[in-house]
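Asks:
2 protein chains.
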Amino acid sequence: MKNRRITLKDLAKDLNLSASTISRALDNHPAISESTKKLVKKKAEKLGFIPNSIASSFRTNKTKSIGIIVPRIDIHFHSLVISGIEDYAYKNEYNVTIFQSKDCLKREKEIVKILQNRMVDGVIACLSIETKKCDHFKKFEKLGVPLVFYDRVPTDFDANKIIINDFESAFTATEHLIASGCKRIGHIAGSQKTNIFKARLEGFKAALVKHNLPIQEDFILHTKNLGYEEGVTCANRFLELPELPDGIFCANDYTAVSLIQVFRKADIKIPQQVAIVGFSNYPISKIIEPHLTTINDCAFQMGESSAKLLIRQIEDKDDSVNSETITIRTELIVRESTKRA
Amino acid sequence: MKNRRITLKDLAKDLNLSASTISRALDNHPAISESTKKLVKKKAEKLGFIPNSIASSFRTNKTKSIGIIVPRIDIHFHSLVISGIEDYAYKNEYNVTIFQSKDCLKREKEIVKILQNRMVDGVIACLSIETKKCDHFKKFEKLGVPLVFYDRVPTDFDANKIIINDFESAFTATEHLIASGCKRIGHIAGSQKTNIFKARLEGFKAALVKHNLPIQEDFILHTKNLGYEEGVTCANRFLELPELPDGIFCANDYTAVSLIQVFRKADIKIPQQVAIVGFSNYPISKIIEPHLTTINDCAFQMGESSAKLLIRQIEDKDDSVNSETITIRTELIVRESTKRA
DNA sequence: CTGAAAGCGCTTACAG
DNA sequence: CTGAAAGCGCTTACAG
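Chains as they are written, first to last, in my numbering: chain A, 1 to 341; chain B, 1 to 341.
1. Quick one: does A:Ile164 have its CB under 7 Å from some CB of chain B?
2. For A:Leu332 and chain B, any beta-carbon pair shorter than 7 Å?
3. Does the distance from the CB of B:Leu332 to the CB of B:Ile295 come in under 7 Å?
4. Drop a sphere of 10 angstroms on the beta-carbon of A:Pro214, count the other beta-carbons inside from all chains shown, and report buried for 16 or more, exposed for fewer.
5. Using a beta-carbon distance below 7 Å, is B:Pro51 in contact with chain A?
6. Would you say A:Ala55 faces chain B, with C-beta separation under 7 Å as the test?
7. Whose Cβ in chain A lies nearer than 9 Å to the Cβ of B:Glu289?
8. Find the nearest neighbour of B:Pro103 within the set B:Cys126, B:Leu115, B:Lys91, judged by alpha-carbon distance.
9. Any idea which residues DSSP pairs B:Gln216 with across the strands?
10. Put A:Ala19 into one of helix, strand or coil per three-state DSSP.
11. The alpha helix (DSSP H) with B:Ala44 in it runs from where to where?
12. Am I right that A:Ile85 and A:Ile66 are in contact with their C-beta atoms under 8 Å? What's the rounded C-beta distance?
13. Quick one: using the 10 Å Cβ neighbour count with 16 as the cut-off for buried, is A:Ala207 buried or exposed?
14. Per DSSP, what kind of secondary structure is B:Tyr254 in: helix, strand or coil?
15. How many whole angstroms separate the CB atoms of B:Ser169 and B:Asn225, which I take to be in contact at a CB cut-off of 8 Å?
16. With a threshold of 16 other CB atoms inside 10 Å of the CB of B:Met1, please say whether the residue is buried or exposed.
17. How about the region 291-308 of chain A and the region 83-101 of chain A: do they share at least three Cβ pairs that are nearer than 8 Å?
18. Just tell me which of B:Lys193, B:Gly144, B:Ala341, B:Ser285 has its CA closest to the CA of B:Gln313.
19. Buried or exposed for B:Ala31, please, with buried defined as at least 16 other CB atoms from any protein chain shown within 10 angstroms of its CB.
20. Can you tell me which of the three DSSP states A:Gly359 falls into?
21. Could you spell out the range, first to last residue, of the beta strand (DSSP E) harbouring B:Gly190?
22. 7 Å is my cut-off, CB to CB: does A:Glu336 come that close to chain B?
23. Assuming contact is defined by CB atoms lying nearer than 7 Å, are A:Leu8 and A:Ser18 in contact in what I supplied?
24. Would you say A:Phe58 lies against chain B (beta-carbon separation less than 7 Å)?
25. Return the bridge partner residues of A:Ile163 from the DSSP annotation.
26. For A:Thr36, I'd like the list of residues in its chain whose CB is within less than 6 Å of its CB, leaving aside the five on either flank, ordered along the chain.
27. Can a CB atom of chain A be found closer than 7 Å to the CB of B:Glu86?
28. B:Leu143 by DSSP, collapsed to three states: which one?
29. Please tell me whether B:Asp74 has its Cβ less than 7 Å away from any Cβ of chain A.
30. Decide if A:His78 is buried, meaning its Cβ has at least 16 other Cβ atoms within 10 Å, or exposed.
31. Considering just the uninterrupted stretch of the alpha helix (DSSP H) at B:Phe279, what are its terminal residues?
32. So the alpha helix (DSSP H) A:Ser65 belongs to, where does it begin and stop?
33. For A:Val96, decide whether its Cβ has a neighbour in chain B, counting only Cβ atoms nearer than 7 Å.
34. By the three-class DSSP mapping on this structure, what secondary structure does A:Thr112 have?
35. Within 7 Å (strictly less), CB to CB, does A:Ile22 reach chain B?
36. Check whether the region 251-266 of chain A and the region 228-241 of chain A touch, using three or more Cβ-Cβ pairs below 8 Å as the test.
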């Protein structure tokens, strides 16, 4: 049942040519005559020749493979990024090998070690939540393996990074609330150990300052991981305040959805009494009622940009000395949850 | 900056041993003395030796790599399956290379061709929606590359398949509506060109028949891809009927969510007037209000099972002649959308 | 318990 | 325009 695979040598013998010529003909080498190329390709097709990519990788030291390290594949943001990476990689004839760190530093280190065995030409990574120091990634540079980080990127380490403008996005979201007439604006913040959530809180505050609005500390609620349940807790804490905020900017969509649901049950009108803005543009933001105004975090595009930068560095030897930071501009998507007019 | 990589030969020279011995020592070959093993491993560690996995793959004809073909990575179901595959593969020291067919037959064929170049030891695939004939997959068998399908599996082709019990799941869901007191039960069906949706419709009908309830054709609405928007259309069609169903089983969660939202706006009480069951246990099912009763489709487990079966067939030569179908048993998750008591 | 040797299937610098 | 030859870094059957 299982056939022996056809090799270059088989083709060579069949055609009375050398393996070198076959190899060059299939690779469209300019030195080979058109007629020979045609002949070789026809024969290859007929015999069902499939080049052994492992042999080729071994010989050339190129695998045309990208390694990806994500916290979890089943988080929508990451699956979108991966999709963007795969898309760009596929067009450029690279393939994509995925590892999940499960947000566990130990596992991240294991994966980094695995990826050093020449399996991939370059690596794209989003740091695990536990990762503070990135020394384990430094080996890649020594090995000449380009590396690009996205979203959760190292701070102690000069590297290629693809990020979004979190500060400005938060600033824009908050200004949008102000423009909608909100004067007492609250925030649900993510872990301040994570840069992106820190930037979102700072952008929020900066917008208030710019417009001479007070920063009320009891309007700023902190969470550990911005989960749906934490959002419910925050909503209840807002309800216990002497006076509700009239606008709330949430550092992600899940907590925004919790707010909407808890507030609606408490007969609070959204957006009339409280306008709400989320962050990420998760699918649920256009299903929840009222539909949620949010920041599109351009996850797919982050993936594309990561792959583009990485592949450029893989193929462009001179380039790989520099490290580059690319900031992707998000956009505010205005929906019912802030349409007060 | 870029160091030359250490090879077996370097280690051998350094230790005055042969490359054969180094190779065996690192591989814990029983013939090598413990003292030599210790010596070699220590030296390897010290020099930072990283085995060249491509050279090893080339030599042994094993890549320890699994190829996955999914329609899209960013569909939650598939990202969960991939997560399950990666999890099992990682534990067994396999890695996972992903391709998206984008539900396009042409691209699926391209990917299948790419995967035949020895890059992977086995393949897991979910067919593109356009795929009717699976001839392009037959090459894998000839090449001795094990192949497992999940979810959308071929019918014209004797293959390894991981599926869920769609018929029974639909039957259970429908019986649950009946047990909740529903007597006029409707269904939102997926494309009847796809087996799983056909099975769900049949399971639905079978439950009605068993309990001597009428099958009302105008209570069975057909959709193309069970999208959220189509769900809204279906909801409105239900509302135009002379009498509403008192229970509706939807072939997925998105359409169920649409029903809930449109019905609530029309002041129809859920579950008192209409009880609703979905299918898939998407994250939104426990966020939408009322929370949605649904079938957990065990996507992660499908991934695990696919990987398990595939790896067994990769490593167990005798086994690979048979093809196996594994049916994963789903479970009904009862939530507010059907709690009428 | 260890070593010498062959070879996996390509690619490419060199030669003509 | 084509070929002969070397070699990428491992693994393993064979020999001792």
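Ideal placement from N, C-alpha and C gives every residue a C-beta, glycine not left out.
Replies: In brief:
1. Not an interface residue.
2. Chain B contact via Cβ: absent.
3. In this structure, B:Leu332 lies near B:Ile295, with their beta-carbon atoms less than 7 Å apart.
4. By the 10 Å Cβ count, A:Pro214 comes out exposed.
5. Judged by the 7 Å Cβ criterion, B:Pro51 is in contact with chain A.
6. A Cβ of chain B is located within less than 7 Å of the beta carbon of A:Ala55.
7. Residues of chain A passing the Cβ test: Gln261, Arg264, Lys265.
8. Note that residue 103 of chain B is Asp in the sequence shown, not Pro. Considering only B:Cys126, B:Leu115, B:Lys91, the residue with the shortest C-alpha distance to B:Asp103 is B:Cys126.
9. B:Gln216 pairs with nothing; no bridge assigned.
10. Here DSSP, grouped into helix, strand and coil, assigns A:Ala19 to helix.
11. B:Ala44: member of the alpha helix (DSSP H) spanning 34-47, first to last residue.
12. Their Cβ separation, rounded to whole angstroms, is 7 Å, which keeps A:Ile85 and A:Ile66 in contact under 8 Å.
13. Looking at its Cβ environment, which holds 16 or more other Cβ atoms inside 10 Å, A:Ala207 is buried.
14. If DSSP states are grouped into helix, strand and coil, B:Tyr254 belongs with the helices.
15. With a Cβ gap of about 19 Å, B:Ser169 and B:Asn225 do not count as contacting.
16. With a pLDDT of 40 at B:Met1, under the threshold of 50, the predicted position of this residue should be treated as unreliable, and no value is reported.
17. Touching, yes.
18. Residue B:Gly144 is the option with its Cα nearest to B:Gln313.
19. Burial is judged here by how many other beta carbons sit within 10 angstroms of a residue's own beta carbon; B:Ala31 has fewer than 16 and is exposed.
20. The first residue shown for chain A is 1 and the last is 341, placing residue 359 of chain A beyond what the model contains.
21. From DSSP, B:Gly190 is part of no beta strand (DSSP E); its letter is neither H nor E.
22. No, because no Cβ of chain B sits closer than 7 Å to the Cβ of A:Glu336.
23. Not a contact, by the Cβ cut-off of 7 Å.
24. Chain B contact via Cβ: present.
25. BP columns for A:Ile163 point to A:Thr327.
26. Cβ-Cβ distances below 6 Å link A:Thr36 to Ala25 in the same chain, with the five nearest sequence neighbours on each side left out; the list follows chain order.
27. Interface flag for B:Glu86 against chain A is set, since a Cβ pair is found closer than 7 Å.
28. Correct three-state label for B:Leu143: coil.
29. The beta carbon of B:Asp74 sits closer than 7 Å to some beta carbon of chain A.
30. Buried.
31. First-last for B:Phe279: undefined, no H or E at that position.
32. Going by DSSP, A:Ser65 is part of no alpha helix (DSSP H) but of the beta strand (DSSP E) stretching over 65-70.
33. It does: the Cβ of A:Val96 has a partner Cβ on chain B nearer than 7 Å.
34. For the record, residue 112 of chain A in the displayed sequence is Val; it is not Thr. Helix at A:Val112.
35. A:Ile22 does not count as touching chain B.
36. With a cut-off of 8 Å, the region 228-241 of chain A and the region 251-266 of chain A count as touching, because enough Cβ pairs lie within range.
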